[in-house]
Every structure is written in C-alpha cells, then in structure tokens.
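Sequential numbering of the sequence shown, starting at 0, is according to numbering that gives the first Met the number 0.
Everything below concerns the one structure shown next.
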Amino acid sequence: MSLSPQWLDELRARTSLSTLIGKTVKVQKAGREYKACCPFHNEKTPSFTINDEKGFYHCFGCGAHGDAIRWMTDHRGLPFMEAVKELAATAGMEVPAADPRAAKRAEQAKGLHEAMAAAQSFFEDQLGGLDGADARAYLHKRGITDATRRAFGFGYSSDARGKLKTALRDFGEPMLIEAGLLIDPEGERESYDRFRGRLMLPIRDIRGRVIAFGGRILGTGEPKYLNSPDTPLFDKGRTLYNIDRASPASRSAGRIIVVEGYMDVIALAQAGFAEAVAPLGTALTEHQIERLWKMADVPILCFDGDAAGQKAAIRAAARALPLLRPGLSLCFATLPTGQDPDDLIRAEGPGAMEAVLAAAEPLVERLWRHEQNTVPLDTPEQRAALKERLAAHTGAIQHPDVKAHYVQAFRERYDALFFARPAASPSPRHQRGQGWQRDRRGNWKPPLPPVGKEAHAIGASGMEQRLLRAILASLLRHPEQIVIHREALCSLRIADPHLARLLEAMIAASFGKETVETDGLLTILGQGEVYNMAKGMLRADTFTFTPHRTAADSDRALRDLNEAIRVMAQGPELETALAEATRRAKDNLTEETFAEQQRAHRLKMDHDRRLAELAQSEDII
C-alpha cells in the first residue's frame, strides 16, 4: 500500500481537527482558533491550541504538536495505518489498496465487521427485552450502573439454538460461521448459535469496532466464560479487552493497568480507573506486552493475591524478560488474598485500590522475591540453586544494557542476603544499593553495568594499573571482602602477571577458608616478588581510596572499594558492547542502531570519567 503525500494532504484537508479532538476533549472557540486543557499533561488553564486552517494542534505547556494523524496515533494509540483508515472512513476517502488480494481481504473484513455490529445490536436488544430479565438482575446484583452497561455494550443471548442465526440470516451462514457467531458441526446437523444463555460483552479493537464476544453464563454450567474463537478479525493472543477505551485514558492517567478479566476491567472503570485492560482467557502474550508498551513504559499488572494470581504474574514476568528494553518494563500490584478489584472497591472504596497500585513492585523485585521464597535457602546447595534460577532469568534478557543491570541487581541482593556484614546505621546510598548516586535533582541514578563473561585483559593502561593496585591493596587490608566480591574478581583477566598471581592467591584463599586474614594471605604468598609487592602495598601511605585513614572511615573505605571493583570490572564489557553496537551501526545504519551506538558510547565515556576520578585520587600513588 502506497500513500502519496498528495493523498495524505487531501485527508488532512478533509478532516476538521477541532471536531476530531472535540470528540474526547472539551474545546472552546477562541477567535479563529480553539483552545482546550491539554490531554497530554495535567493543567487547569488551557494552553492547548487547535488551528483548523493550518491543520495542527500545539500545547504551549508540554510542547505536544501534530496534525490529525498524529492525534490519532498519540492520543488514541492507533497504529499509523489504522489512524489513516479511520480518518479516511470519516472523510469519505478510499484508502489505496496494495493489490487486488488486499482489496478482497478488506472487502471480506468489511462484511465481517458489519455482521459483528449487527450481532451486537441484537444482543443489546435482547438484554432490554423480556428474555433479558435474569441478565439485568445479575447486573443489578453486581452493582453495574445503566451508564456502565451502555458504555461497555452489555447484551444477552437467549438459550435458543438459532435465534441469532435467524435474526442475521441475511449475512448468510458461511459469514456467520467465519465470524465465530455460529458453530458448524461439519454436516452432522445444522449450524447453531455459539452463545446461548449468556450475558454478552463485545470485544472491540483499537478503533472501537466489535471483533469478538465474551459471554458469561448466568446459571450453572461450563465454561463460566466463553470467548469467540480466533477469526480473521480476532486473535485473542494479540487483543486486549477494553483497549479502545483504555488507550486514550492511559495518556491522561500516565499509566495502564492490566487485570485478570472482563468484570475486573468494568469494576475499575466504574470506580474511575478507565485505563484498565485484560487479556482474553490466556496468559499475557509477547504481542500484548508490546501493545501495552505503546500506552505506557511500565504497565501495572494487578493480579489476585492467591496462588493462581501470583503464578500468572510470574508467567507474565518470564514472557517479558526477552523483550525488555531501556525504559520499558513491568511492575506488579498484588490484591489482598481472596479479593478481586470489585471486592476491594466495594469494601474500602477507590482509595484502597489506588493504594494497591501505588505499592506496585518493579519487575526485578518481583522476580527476586519469588525466587527467594520458592524453596528454603538453608543449605549451600539450595543457595546455589537460587543463584542458578536468577542466572536463568538474566540469561533470558536480550538487551545487553538491561541484562547487565539485572545481573548487578541480583548480585547485590544475593550478596546482601548471604555475605554482607550488617552495618550499624546504613546510609541512604547503602539502602539503594552500592554504586547508586543522586543526580542534581535528587533522583537516584543506577550504577553502570557490571562485567560479563566476555571480559578482556585489564590493567595495561596507566589509570587502570593505578586503580587495580589500589583495589588489591584494599583487599589485603580487608580480606573479608574477597568472598563478597569474588564473582566479579573471578571474571577479571589481568594483564600484569604479578598482579594476576596476587589476585589468584586471594581468591584461592577465600575458597579454602571461611575467614581470611591478611597475615594468612602473606604466608600463602611465601617469599618472592609477589610477596614483596604485597608487603609494599600494605604500607600505610600507599594504595588506598579514602583520605584521612581512621577507624571511623572504615565504612566509607569499603564503599569505595566496592565502587572501584565495579568500575574496573565493567570496563571490558562496555568496550565489547560499544564495538558490537558500532559494528551493527556500520552494517545497517538506522535510527535504532544509531541510538544504540550512541547509548553504548555514553556509557563508555561515563565509565572512563569515573575510572579517571578514582585513579587520580590523591591517596593513590
């Protein structure tokens, strides 16, 4: 399909931008323009201007700017082609077809959409008629208002086998079967209505068109909920219930909430949480996660507190790991055990639901807590198994930067649980994790990524040599720190053979004894050049990080040692990542590969700057 600039200009010219925006935002006439409170950020005084003559909108508060197509993609959350098709339909324009087969498919889809719309009207009429009395009583019992019923399009399918089939006979049986409205028993007997004796809910696409139905049984029987089968219009693994309403709401709320089912979505919407969606009877899929990220960088997954709900949360977490990218993740809110959103809101009000959402855990914390609580951690074997499970999670992450940060985060939690010595009064920096720093605005900045398995030889440059010697000197003074940092130290490949032998001896000693002492290390080294080098490092005026060396500075010395090891260890991996990103950009220069190369370059520059700061300390000589 080729859309010429001339065709797109004609589409914009035929679209009244103020009318389009006015469908979801209250606009006011202001001279030759229109004004409104910006839907992209919260404001009380209108700074959002709409100019129909020039065909653009602009917010002087947040800078949001665009035309009719941009409005549909940014505010409604539609893909580009979906936005164009919807605007073209309103403007009475035909979208150019790519080929005759595409035109045929479009015509077929049009017929299916019309059949689904007719079925929706039929179900709504049935709910309002005599047959719908039990369904209306059920809605009243659930506390669903008439306004909510109309907004979500509730309907009813009677228990008759052919009532819908008769009502929609003009569409023909083949189309109704293809739309999933009839069941074809393959010649054994006549086709019959799929949904019978159920409260009906339409499932809509991002453009608000009915593409499927979900039906809840009112009496006894199974299944409790029945969805349409996959059809040319409906793929349950790619569809999210209520996405047509939640997508624009998510832009105003700044978040998207994922719950377990239809009624959870409806209960939340009625309580003022319009930005809620639900998967359709399956675990959250990769396609659905990608769709959620188009609405919010960190969707909130809100599941029940029972075992089934928590299992669903972990399945979603595992599905997300290979997809993670910088800034895009998930977080998890847990409802009180035995309560769904409707129960909680009825019992304690919307504020209680807001509190649950505000307490959502980041993905990394949910994975750590799950693995930590899966089995006892009393024996070395059980602790090693925990480490393997964490490694499996990080191994699933494809993006190198995100993976590196997860490795670091899990390592910090693991070491803190099993190796860290308790501190009398931990500082905020300790509480956030070693290596974290505040920026000028007071926000915490995470540490740079740790080293991976691809580490290259280090210690050849002057700065690295100075810092490496300071690290080894500090480990000699504080040998109990060797086991805490052993994993990072084992990954180092040191160019200088004497420094390499000294580190090997330290690591070997930490495996041999639970408690390693300085004198014991010197004894292991014996006499010789490495022993003399170690003795020289222990002189009081050489190779230390922290000025004013006193007992009171011991905590700071250990923090500085941790920082130095981290910075030293992560250098080779950053070099590898930068080289790989540069290679990809040279092979195929796109916005994505260029951005990745620039990101890797910035990380490497940050590392080099921090390395220089540490190596140039007045105490390292």
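Positions of the beta carbon are idealized from the N, C-alpha and C atoms, including for glycine.
By how many angstroms is the C-alpha of E591 removed from the C-alpha of A469? 39 Å
Hey, is the region 317-325 in contact with the region 343-358, meaning 3+ C-beta pairs nearer than 8 Å? no
Look up A35 in the DSSP assignment and give the residues it is bridged to. F47
To which residues of the same chain is D341 closer than 6 Å at the C-beta, ignoring the five residues directly before and after it? A266
From E360, E189, R168 and L475, pick the residue whose C-alpha is nearest to that of A316; which is it? E360
Would you list the residues sitting across from A277 in a DSSP beta bridge? Y240
Following the continuous alpha helix (DSSP H) through H139, name the residue where it begins and the one where it ends. A132 to K140
Closest by CA to K164, which one among A146, F194 and L502? F194
Output needed for D66: all residues of its chain with C-beta closer than 6 Å, excluding positions within five of it in sequence on either side, in chain order. R11, G54 and F55
What do you reckon, are the CB atoms on G304 and P335 nearer than 9 Å? yes
Could you tell me whether the region 239-248 touches the region 279-298, using the rule of 3 or more Cβ pairs below 8 Å? yes
Simplified DSSP state of F55, which is helix, strand or coil: strand
Test: D414 CB closer than 9 Å to a CB of chain D: The structure shown has no chain D; it contains just one protein chain.
Give a yes or no on whether the C-beta atoms belonging to L111 and T230 are separated by under 9 Å. yes
Own chain partners of A159 with C-beta closer than 8 Å, once the 5 adjacent residues on each side are dropped: D192 and R195
When burial is assigned at 16 or more other CB atoms within 10 Å of the CB, is V698 buried or exposed? Residue 698 falls outside the range modelled here, since the chain spans only 0 to 620, and no answer is possible.
7 Å Cβ shell around R208 - same chain, five flanking residues per side excluded: H112
Quick one: grab the DSSP three-state call for V258. coil
Would you mind giving the Cβ-Cβ distance between I205 and D243, rounded to the nearest angstrom? I have them listed as a contact below 8 Å. 6 Å
Could you give the C-beta distance for Q596 and T575, rounded to a whole number, given that I count them as a contact under 8 Å? Q596 to T575, Cβ: 13 Å. No contact.
M294, DSSP secondary structure in three states: coil
Which value, in whole angstroms, describes the spacing of the CA atoms of L537 and F418? 25 Å
Which whole-angstrom value is the C-beta distance of I564 and A487, which I expect to be below 8 Å? 6 Å
In the DSSP assignment, the alpha helix (DSSP H) including S227 goes from what residue to what residue? First-last for S227: undefined, no H or E at that position.
Taking the beta carbon of D621 as the centre, do at least 16 other beta carbons fall within 10 Å, making it buried, or is it exposed? Outside the shown range of the chain, which is 0 to 620, sits residue 621, and nothing can be said about it.
Closest to S15 by CA distance: which of W6, Y33, I143 and G213 is it? Y33
Using CA coordinates, which residue listed in R318, L356, P247 and A273 is at the minimum distance from L300? L356
Between which two residues does the alpha helix (DSSP H) harbouring R368 extend? L362 to T373
The region 37-54 in contact with the region 214-223 per 3-pair CB rule at 8 Å: no
Taking the alpha-carbon of L2 as reference, which of C58, M71 and M80 has the nearest alpha-carbon? M80
Who are the near neighbours of T522 in its chain, counting only those whose CB is closer than 8 Å to its CB and skipping five residues on each side? none
When the Cα atoms are used, what is the spatial distance from A82 to I481? 59 Å
Classification of N561 by the beta-carbon crowding that lies within 10 angstroms, buried from 16 upward: buried
Rounded to whole angstroms, what's the CA-CA distance from G271 to R254? Just pull it up for me. 13 Å
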